[in-house]
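Asker: Residue numbers (this note's numbering): 2 to 626.
Could you have a look at this structure, given as structure tokens, before my questions?
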Amino acid sequence: MKRFVPLLVLLLAFALRVVALDSVPPGWRDDEVIETTVHAQIVLDGGRPLYFIQAEGHEPIYHYVSAGWIALVGHSLFSVRMVSALFGLLSVAALYRLARQLFGTRAALIAVLLMAVSFWSLTYSRVKIRHVAELPFVLLAFSFLWQALQMLRRHTAPLPHSHTPTLPVAHAPTLLAGLFLALALYTYLSALALLIIFVGFGLYLFVTRRVWHHAAIALATALIIYAPLAYAITNNAERIAIVGGPLAALRSGDPMPAAQNTIATLAMFGKGGDPEWLYNIAGRPVFGVIGFYFFVGGIVISIFRWRDPRYAFLLIWLVGGLAPGFVSTPAASFGHTITAMPVVYILATLPLMLTTDGGRRASIVYRLSAIVLILSIAARDLPDYFWRWPAASAVRYLYKADLHTLGRDLRGAPPATYVLNGTLSKWDRRAFALEGVRFASLPRWVNAEWAIVFPPEPAEYLFTLSDWQHEGQASRLQAAPTPLNDWQHEGQASRLEAAPTEFGNGLIFEGWDQNGGEVIAHWRVGAGYTAEEPPMGASVESPPFPVFAFSHLLSADGALIAGSDRFDADAFSLQIGDRYLQRHTFDAPPGAYTLEIGLYNPVTGERILTADGKDSLNLGTISLP
């Protein structure tokens with residue numbers, strides 16, 4: 002039965018990483034959409050970059066694996082997240098191998114269980130993001146290094162002194178350690194912490210007069226393999242510039258930001274963890290009270306036993322793995338310190354090892370202590386991850402939960418034309434497109450607080466339309482295009498132009514309404530309108546908006562009193578024949594003003610002219626209450 006226990010633990014880890022994978026987290030986050038529709042798409046389109054310069058720079062391994070996986074199984078939310086779930090499972094398996102080498106089977110099983118149920122590990126194993134790909138390679142690099150040292154120990158004395166000849170039998174594991182170290186560097190930027198760890202441990206072996214050559218050979222092997230990527234990153238260092246503010250300050254002679262980040266990062270285990278809702282219940286520490294004391298106990302034990310290379314290695318690994326968090330933002334980032342994650346759970350098991358020797362009573366103490374430790378972490382982390390965190394409003398917003406729920410509900414429905422509420426980010430559009438909803442025509446996207454679109458064909462309005470409808474009207478409409486007067490406040494007459502005016506970009510001004518101090522401009526998309534979004538994979542940046550509408554209040558002498566520049570429909574989703582209503586509000590005192598309306602290019606600032614050469618329309622007098 003004992004031989005099956007590791008397998009059962011791995012099955013538990015796998016189950017926790019795939020159960021409800023498409024609902025926890027509750028939807029698509031921008032990075033998931035980017036990595037699916039840009040990075041993976043580049044590979045699927047035939048690109049073979051060594052370094053992905055999109056999104057401030059990405060290392061390649063995860064994206065190549067992701068592209069292959071998408072080619073096989075498609076790009077549903079569940080399927081694309083499976084890539085991270087599998088990397089997360091491999092990290093659990095690799096941790097078992099390494100921890101067993103260091104401290105035996107019992108310690109390995111407990112360390113694996115702790116990481117398997119931990120919030121930290123689940124976070125990165127259940128979202129399509131490349132961080133987790135680092136861990137299997139990190140753990141295998143360390144494991145093969147220890148294998149090389151153990152092979153030497155079997156032929157000589159334990160961790161032999163430097164005068165002992167290096168045996169050829171250890172060369173293969175040493176080279177494999179270097180290979181996996183290099184592969185880790187090809188996954189995520191924080192893996193650079195491994196260089197600190199290997200150098201630090203090599204120096205420790207040198208100072209304590211043990212064989213250090215294998216750490217040096219592994220490091221040299223990795224650096225040779227890593228050199229092409231290092232060169233590419235050096236020439237595209239945008240990511241480092243964005244997150245490395247404390248590092249830049251330190252280089253310029255100001256140690257304070259790095260010092261503050263160091264304190265915050267060291268405090269993340271018991272006081273305040275990652276502040277980002279994307280990856281954590283903001284500020285939630287890694288451990289509760291019980292787990293924290295076990296973790297600190299493991300550090301204390303390692304300090305007292307530093308002469309044993311195993312314990313010294315754990316301390317060097319912990320400090321090196323946390324180092325990226327000392328010099329990057331945000332402070333206490335779980336992602337930037339992910340290299341340290343496995344050693345944290347190994348350290349938490351060490352106090353248990355003090356009770357493994359000493360007879361029956363010690364065995365009972367060990368088992369009870371192990372149960373208390375495991376349950377204390379599982380009972381805190383699992384409910385927090387699967388129930389409390391995904392229910393938070395900030396998490397639902399960041400992961401576009403409403404769009405995912407909507408897409409899931411509409412999957413399999415007959416094709417339809419949709420008008421949807423969005424933030425006008427192309428990632429909203431792409432996230433919804435990935436849901437597999439069938440469209441009769443391209444969905445229109447608007448910021449429904451300020452605008453509404455009426456397609457020429459019947460459409461479903463999938464958002465609350467309270468600002469645009471009579472009280473009590475249903476928010477999900479399936480009728481024919483609604484007359485404009487049904488969408489204005491009672492008693493307000495539409496001032497529709499007898500001869501609508503077409504602008505040079507194909508948008509046609511049809512008239513306006515007034516509601517108190519607000520103006521509602523009526524536009525129609527004419528046959529000359531074009532606004533094409535760049536294809537997927539081209540860029541992670543939203544393309545510049547091609548048009549903005551302005552509405553000005555002028556004094557009697559033509560001076561600008563107040564203005565409102567807005568365009569709250571997605572210009573790239575508008576289609577010929579659409580009618581578009583835009584709300585404008587003004588910060589102006591009551592009185593009579595001249596109303597001026599027009600269009601301009603928000604990139605150049607140039608006004609878009611009408612067919613007869615005017616740069617705006619004078620619509621007469623408006624009175625503000």
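A virtual CB, placed ideally from N, CA and C, is assigned to each residue, including glycine.
1) If you drop the 5 nearest sequence neighbours on each side, which residues of the same chain put their C-beta closer than 6 Å to that of R98?
2) Rounding to the nearest angstrom, what Cα-Cα distance links A217 and V200 in this structure?
3) Helix or strand or just coil, what does DSSP make of Q515?
4) Does R430 come out as helix, strand or coil in the three-state DSSP assignment?
5) Would you identify the three-state DSSP class for F5, choosing helix, strand or coil?
6) Just tell me which of V438, V420, A432, S624 has its CA closest to the CA of D410.
7) State the Cα-Cα distance for the pair E36 and G529, rounded to the nearest angstrom.
8) Straight-line CA distance for L17 to V84?
9) I need the boundaries of the alpha helix (DSSP H) containing S67, first residue and last residue.
10) Can you say whether K3 is buried or exposed, counting buried as having 16 or more other CB atoms within 10 angstroms of its CB?
11) Could you compute how far the alpha carbon of H1 sits from the alpha carbon of H172?
12) My guess is that I282 and D382 are in contact by the Cβ rule of under 8 Å, so how many angstroms apart are they, rounded?
13) Span of the beta strand (DSSP E) holding I453?
14) Quick check on the burial criterion: 16 or more other C-beta atoms within 10 angstroms. Buried or exposed for W388?
15) Considering I562, what are the terminal residues of the beta strand (DSSP E) in which it resides?
16) Use the C-beta contact count for M257: other C-beta atoms within 10 angstroms, 16 or more gives buried, fewer gives exposed.
17) Over what stretch of residues does the beta strand (DSSP E) that includes T622 continue unbroken?
18) Where DSSP assigns a beta bridge to V447, which residues make up the other side?
19) Is the beta carbon of A593 closer than 8 Å to that of T622?
20) Roughly how many angstroms lie between the CA atoms of L554 and H523, to the nearest whole one?
21) Going by DSSP, what residues sit across from V526 in a beta bridge?
22) If you reduce the DSSP assignment to three classes, tell me which class A333 lands in.
23) How big is the Cα-Cα spacing for A645 and A21?
24) Who pairs with F53 in a beta bridge, going by DSSP?
25) Please give me, in chain order, every unbroken run of the alpha helix (DSSP H) with length at least 4 that falls completely inside the region 231-300.
26) Whose C-beta lies closer than 6 Å to the C-beta of L374 among residues of the same chain, with five residues either side of it excluded?
27) When you compare the CB positions of W307 and L316, do they come within less than 8 Å of one another, or not?
28) Would you kindly work out how many angstroms separate the C-alpha atoms of F327 and V454, rounded to a whole number?
29) Since S552 is in the beta strand (DSSP E), which residue starts that stretch and which ends it?
30) Going straight from the alpha carbon of A434 to that of E597, what length do you get?
31) Go through its chain and collect everything with a Cβ distance to I304's Cβ below 6 Å, but skip five positions before and after it.
32) Per DSSP, H172 is paired with what?
33) With C-beta atoms as the reference, is A417 less than 8 Å away from Q583?
34) G408 lies in the alpha helix (DSSP H); which residues open and close that run?
35) When you compare the CB positions of A185 and V118, do they come within less than 8 Å of one another, or not?
36) Using the DSSP secondary-structure output, state which residues sit across from A417 in a beta bridge.
Answerer: Reading it off the structure:
1) S144
2) 8 Å
3) Residue state for Q515 is assigned as strand, using DSSP reduced to three classes.
4) helix
5) helix
6) V438
7) Taking C-alpha positions only, E36 is separated from G529 by approximately 34 Å.
8) 14 Å
9) 62-74
10) exposed
11) In the structure displayed, the chain extends from 2 to 626; residue 1 sits before or after that span and is not available.
12) In fact, because the Cβ distance is near 11 Å, the residues do not count as touching under 8 Å.
13) 452-455
14) exposed
15) Its beta strand (DSSP E) spans residues 561-567.
16) The residue in question, M257, is exposed, as its Cβ has fewer than 16 Cβ neighbours within 10 Å.
17) In the DSSP assignment, T622 falls within the beta strand (DSSP E) that extends over 618-625.
18) The partner list for V447 (beta bridge, DSSP) reads N422, A570.
19) yes
20) 17 Å
21) L508
22) coil
23) Residue coverage of the chain in this structure runs from 2 to 626, which leaves residue 645 outside it and unanswerable.
24) H59
25) 239-244, 246-252, 257-267
26) F295
27) Taking 8 Å as the Cβ cut-off, W307 and L316 qualify as a contacting pair.
28) 49 Å
29) 549-555
30) 38 Å
31) The beta carbon of I304 is closer than 6 Å to none in its chain, skipping five residues each way along the sequence.
32) Note: H172 is not bridge-paired with any residue in the DSSP secondary-structure output.
33) no
34) Taken as a continuous stretch (DSSP letters only), the alpha helix (DSSP H) holding G408 covers 402-411.
35) no
36) For A417, which the question treats as bridged, DSSP gives the partners F440.
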